[in-house]
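For reference, the structure is listed below as structure tokens.
2 protein chains.
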Amino acid sequence: MKAFKIPEATVMRLSIYSRYLHQLMEEGEDTISSGEIANGVGVSSAQVRKDLAYFGEFGTRGVGYKVSELYCQLMKILGLDHRWNTIIVGAGKLGSALALYQGFSDRGFNICAILDVNPDIIGNTLGELEIKSLQELAALVLQHEIQIGVIAVPAAHAQDVTDQLLEAGVKAILNFSPRVLKVPPDIVLRNVDLSVNLEILSFNLALNR
Amino acid sequence: MKAFKIPEATVMRLSIYSRYLHQLMEEGEDTISSGEIANGVGVSSAQVRKDLAYFGEFGTRGVGYKVSELYCQLMKILGLDHRWNTIIVGAGKLGSALALYQGFSDRGFNICAILDVNPDIIGNTLGELEIKSLQELAALVLQHEIQIGVIAVPAAHAQDVTDQLLEAGVKAILNFSPRVLKVPPDIVLRNVDLSVNLEILSFNLALNR
DNA sequence: TGGAGTTAGTGAAAAAATTCATTATCGCTG
DNA sequence: CAGCGATAATGAATTTTTTCACTAACTCCA
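Residue numbers (our numbering), protein chains in the order written: chain A, 91 to 299; chain B, 91 to 299.
Spelled out as structure tokens, the structure:
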């Protein structure tokens, strides 16, 4: 385990750098400087170097970074050098979209199952996946060795579903419901609140009126 | 215009407080202390008071805050005391889900239109909305007096669509594509990268292995 | 009406994150 | 192979954000 705490903002930027590097690889770039990365993703070059410095030395002074090498290092740091098994709970608008979203699979997240309580949609298929009953949660988590649970249910049921996921052995939760979840300290929790993002936009728009 | 810069983290928390207050109103609560809000949303009470202090004095010492009153104040601060007209560009998985997502409308965002380039889906309906051609972008923005554009197109087209939106007069962009967009300084831009969130989860999972 | 108990507001201290500026290396050129 | 230009690494300074701790003000109760 890494000894020191890494700022979340740093991790977020590493993820962005890695995607930018991927793009550069496709464009056939061989080496790149911190300044160019900075420019490409909209931060300062010092920021790029500082972020990388948490994890080691990856570049060559006077030259820059080897694109493919830095990319691999970042993927390893981000834990994306292997795939994660994921379950989505809630097959409404959002859950369905997430299940079908290509981006997750592209970055190493296998969507192994999607669940719902609504009998009308259980059995329907979303791409390759069949919507299963919530009652199968524990069995599916076990069967697919699932590490990550995605919450896409209404706020009122979010905590209940979370408890079931943790009970079944899931180690991380990505919560799309607008509800603060209580989880033990060793569980990794991340909240994505779509309307919060629109509201930050709204706040900034309202400032200049 | 507010004179001083407000940390984005503060704005995000205000949005979360406001939703928690809404929940409390439905539960019939009348007054609440900073400590209880803090507990409900998982921050410290000092944090709650400091966040509010940027905008004025809303509580009564020795008592707390009047739930409904604080809620209204926050909604005003967040610019949610009136509705915003919004257009979604891209009617793929993500764009469709966003268009159908009830949460946006609940919080004051009218989805006025959704566009795509794919002739196979133009004309299809999503709930109340008909998918229109991208060519109608400028006309629709004008017609509906749209202030906010949501980008849900593949990365390769994100900048182009952004330019078209700004050209048409949109003042804020919510970008769901994994691409860094260039916009003039007076435009409000916010990026939501769904896989970044999963990757931060992955990073934290990978730490403890 | 006064004292005890709460709790908002707030300046100061601490912690965290970012930026700056210096140093150390590298590759290249003559 | 020495010197120059470029750029990563990094410690220091700065800025930003959070936490702490104190003060002010309200309610309730005797």
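Built from N, CA and C at the ideal position, the CB exists for glycine as well. Values in this document were obtained by computation on a predicted structure and should not be read as measured data.
Neighbour list for residue i in chain B, Cβ cutoff strictly below 7 Å
i      : result
S285/A : G193, F194, R197
Listed by chain order, chain A residues near residue i by CB distance under 9 Å
i      : result
R280/B : N287, L288, I290, L291, N294
Nearest neighbour of residue i, chosen from the options [CA to CA]
i      : options                        : result
I71/A  : I221/A, S135/A, K261/A, A229/A : Residue 71/A is absent from the model: chain A starts at 91 and stops at 299.
Q225/B : L216/B, S158/B, N208/B         : N208/B
P268/A : R197/B, K183/B, N298/B         : R197/B
D210/B : L291/B, L104/B, E220/B         : E220/B
S105/B : L170/B, E126/B, I277/B         : L170/B
F293/A : L279/B, T150/B, L297/B         : L279/B
H172/B : L256/B, V131/B, F199/B         : F199/B
A187/B : N265/B, V251/B, L227/B, A242/B : A242/B
D276/B : I263/A, L291/A, R109/A, D283/A : L291/A
Y155/B : D141/B, I122/B, Y144/B         : I122/B
E218/A : D283/A, Q192/A, E235/A         : Q192/A
I167/B : L284/B, C202/B, R103/B         : R103/B
N265/B : V231/A, G152/A, L288/A         : L288/A
G180/A : V273/A, L255/A, E147/A, A99/A  : L255/A
Q163/A : V273/A, Q233/A, T252/A, R109/A : R109/A
D120/A : A296/A, R139/A, G149/A         : G149/A
First and last residue of the uninterrupted alpha helix (DSSP H) at residue i
i      : result
F194/A : 192 to 196
N287/A : 284 to 297
T252/A : 245 to 258
V231/B : 227 to 234
K272/B : Element bounds for K272/B: n/a, residue is neither H nor E.
S135/B : 135 to 143
Sheet register partners of residue i (DSSP bridge)
i      : result
Y155/A : I122/A
R280/B : L264/B
L216/A : L219/A
I177/B : A203/B, G239/B
Interface partners of residue i on chain A, CB under 8 Å
i      : result
V131/B : V270
I127/B : Under the 8 Å cutoff, chain A gives no residues; its nearest Cβ is about 11 Å from I127/B.
Segment limits, beta strand (DSSP E) that includes residue i
i     : result
I96/B : No beta strand (DSSP E) contains I96/B, which DSSP labels as neither H nor E.
Residue i: contacting residues in chain A (beta-carbon distance under 7 Å)
i      : result
L184/B : A187, Y191
Contact test: residue i Cβ vs the ligand ATP heavy atom, cutoff 8 Å
i      : result
N287/B : With respect to the ligand ATP, the structure offers nothing, as it holds no ligand at all.
**OP:** Anything in the segment 234 to 265 of chain A with a Cβ closer than 9 Å to a Cβ of chain B? List those residues in chain order, please.
**Re:** Q237, I238, V240, A245, K261, A262, I263, L264: these are the residues of the segment 234 to 265 of chain A whose beta carbon lies less than 9 Å from some beta carbon of chain B, given in chain order.
Q.
Beta carbons nearer than 9 Å to chain A: which residues of the segment 97 to 116 of chain B have them?
A. Cβ contacts with chain A: E98, V101, M102, L104, S105, I106, S108, R109, Y110, Q113.
Item checked: chain B contacts made by the segment 160 to 173 of chain A, where a contact means CB separation under 8 Å -> Cβ contacts with chain B come from I167, L168, G169, L170.
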